[in-house]
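Input: a single structure, listed below in structure tokens.
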Amino acid sequence: MEPQYFNLQDLLEDAASLMRLKAEEKKLTFIAPETLLPEAMVYGDRLRLRQVILNLLGNAIKFTPTGGSVRLMAKRTVLDDAAATYRLSIQDTGIGISDSLQQRLFQRFRQADASTTRRYGGTGLGLAISKELIEAMEGQIGVESQLGVGSTFWVELTLPIQVQTHNEAQEALEPVEMAYLLSQHEDDIAYVRAVLESRGIQVTHLQSVGQLPDFDESMLVVVDDRIFVDTNRSELTPYQSQMIVLLEQGRSLDQSQGSYIPSVYKPVHRRALFSSIEAMLQQENVALVENNSTVLEGVVADARVLLVEDNLTNQIVAKGMLGLFGVAVDIAENGEEAVSACQTNAYDLIFMDCQMPVMDGYEATRAIREMTEGAATSNDVAIVALSANAMKGDDLLCFEAGMDDHIAKPISKERLSEVIERWLGAKHDR
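Using this note's numbering, you'd call the opening residue of the sequence shown number 2 and step up by one each time.
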């Protein structure tokens with residue numbers, strides 16, 4: 002076991018993202034996660050638990066016929082200030098399992114029956130390993146199932162916790178008071194509703210643009226991509242400065258007909274949602290950058306900066322703001338690209354988003370710190386974390402990974418100026 006502190010909700014979101022395409026291939030209703038846990042850091046074996054959740058999700062998708070549903074749910078029971086019991090459930094409308102076969106399901110190399118093996122492939126070893134891993138964490142794993150109806154596999158663990166009592170998201174998202182979620186099906190936006198409501202935002206579900214009230218600067222409009230595509234763009238124009246679109250994986254928006262509209266892919270991650278909202282709130286900064294032709298004076302005009310950020314709107318905002326300082330900016334869309342760029346290009350400063358696909362900012366920072374002398378960028382280059390203001394404790398995780406400084410999103414010009422002067426000014430004075 003390799004215990005560490007981690008955010009359990011992040012783990013569930015990451016696992017859901019990895020399994021989303023498989024669910025879409027079978028045209029399943031995939032609600033994952035369906036529930037939102039209270040913010041806390043838990044102490045346990047993150048990698049082993051992730052392996053178990055992926056195995057259970059994979060089985061649920063495999064054994065659920067086309068058109069069925071798979072849901073990932075989580076519930077927390079607080080024991081005291083230091084520990085809590087978590088019950089994680091994966092519910093499907095699959096083939097189900099008879100009572101007699103449920104008793105042997107978690108034994109090595111067992112399968113429901115031979116016909117199941119021929120039709121769907123094996124799962125016995127995966128479930129047996131999952132049971133061993135959960136029991137090694139002093140937890141329990143089980144199943145409730147009805148043949149021909151479906152199954153619910155569950156995991157129950159008691160874990161030490163660090164409760165996050167200070168919620169900075171209200172401050173970061175303060176301009177937003179009311180959110181309108183446009184979707185034909187409430188299930189599609191249930192998780193987004195829970196996330197926004199947990200941040201003190203009032204939420205209303207609507208099924209068409211015509212139901213929206215008059216525009217107000219305190220509103221947020223979240224539109225499912227199916228409604229967005231089927232609606233005349235002129236109907237959306239009054240709201241597009243306060244709008245975010247939820248996209249199916251693999252889809253993109255036609256941004257040629259008006260102002261840039263932030264988007265976030267399903268299944269929605271809290272950090273991606275907050276990042277898109279903050280980018281939306283920074284649209285005035287985009288306009289400022291595009292209209293400002295004056296480069297700020299300073300000692301860093303010849304510096305080369307690497308911006309590691311996967312969100313396009315955030316790239317536009319951050320690159321434009323950095324441009325005001327006269328620095329050259331390269332962009333990497335994930336940690337893997339960042340490490341590769343550092344091998345071939347010499348950078349004076351790196352701005353690193355913490356949460357990205359492929360390789361996150363923490364892992365990328367550790368990889369850069371371990372680079373040999375043959376790399377173009379020095380392994381002691383200053384790395385500044387970029388993280389959503391909503392996530393308490395990010396700064397500690399950043400420093401533990403080897404980062405030197407931290408900027409919370411949305412980025413302010415004042416804070417960026419401080420960081421530029423601290424790290425590039427010192428570098429050029431040497």
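All C-beta atoms in this analysis are idealised placements derived from N, C-alpha and C, irrespective of residue type, glycine included.
Between the beta-carbon of A129 and that of R105 there is about 10 Å, and that puts the pair past the 8 Å contact cut. Of the candidates Q208, M357 and L350, the residue whose Cα lies closest to the Cα of S379 is L350. With respect to the C-alpha of W155, the residue from Q344, S70, M74 and E14 having the closest C-alpha is M74. For M220, the three-state secondary structure derived from DSSP is strand. Around the beta-carbon of P268, 16 or more other beta-carbon atoms lie within 10 Å, marking it buried. Annotation: the stretch 65 to 119 contains the following complete segments of the beta strand (DSSP E) (minimum length 3 residues), in chain order: 70 to 79 and 84 to 93. V204 sits in a strand when the DSSP states are folded into three classes. The beta-carbon distance between E310 and I278, rounded to whole angstroms, is 16 Å. This is too long to meet the 8 Å contact definition.
Cβ neighbours of P263 within its own chain (closer than 6 Å, five residues either side excluded): I245, S277, A280, M281 and T314.
By the C-beta criterion, the stretch 206 to 226 is judged to be in contact with the stretch 176 to 184, since at least 3 inter-stretch pairs fall below 8 Å.
Contact between L48 and M20 fails: their C-beta atoms lie close to 17 Å from each other, not under 8 Å. Three or more Cβ pairs drawn from the stretch 91 to 100 and the stretch 137 to 151 lie within less than 8 Å of each other, which places the two stretches in contact.
The beta carbons of L247 and V224 sit about 7 Å from each other, so the pair counts as a contact at 8 Å. In this structure, G324 sits away from V318, with a CB-CB distance that is not shorter than 8 Å. In the structure shown, N335 falls within a coil segment according to DSSP collapsed to helix, strand and coil. Annotation for S235: the continuous alpha helix (DSSP H) segment containing it runs R234 to L237. Residue state for S253 is assigned as coil, using DSSP reduced to three classes.
Look at L248 here: in three-state DSSP terms it is strand. Here H407 is bridged, per DSSP, to A386.
With a beta-carbon spacing of about 20 Å, Y240 and F275 fall beyond the 8 Å limit used to define contacts. Going by DSSP, V306 is part of the beta strand (DSSP E) stretching over R305 to V309.
In this chain, the alpha helix (DSSP H) harbouring E364 covers G362 to R370. Nearest to Q316 by C-alpha distance, out of D303, P66, N335 and E419, is N335. If you check the CB distance, L397 and F352 do not come in under 8 Å. The beta carbon of E198 is closer than 7 Å to those of V204 in its chain, skipping five residues each way along the sequence. In the DSSP assignment, Q5 falls within the beta strand (DSSP E) that extends over Q5 to N8. Taking a contact as a CB-CB distance under 8 Å, the pair L29 and S70 counts as one, their CB atoms being some 6 Å apart. Shortest Cα-Cα distance from R252 to any of Y266, L207 and Q243 involves Y266. Here the C-alpha atom of G59 lies approximately 32 Å from the C-alpha atom of Q208.
Boundaries of the alpha helix (DSSP H) around G59: R47 to K63. Here A402 has Y363, T366 and R367 as same chain residues with Cβ atoms under 7 Å from its own Cβ, once five neighbours each way along the sequence are excluded.
At least 8 Å separates the beta-carbon of L38 from that of L57.
A377 and E371 have their C-alpha atoms some 13 Å from each other.
In this structure, R271 keeps its C-beta atom at 8 Å or more from the C-beta atom of V177. The continuous beta strand (DSSP E) containing A180 extends over residues M179 to L183. If you draw a straight line from the Cα of T67 to the Cα of K27, it is about 5 Å long.
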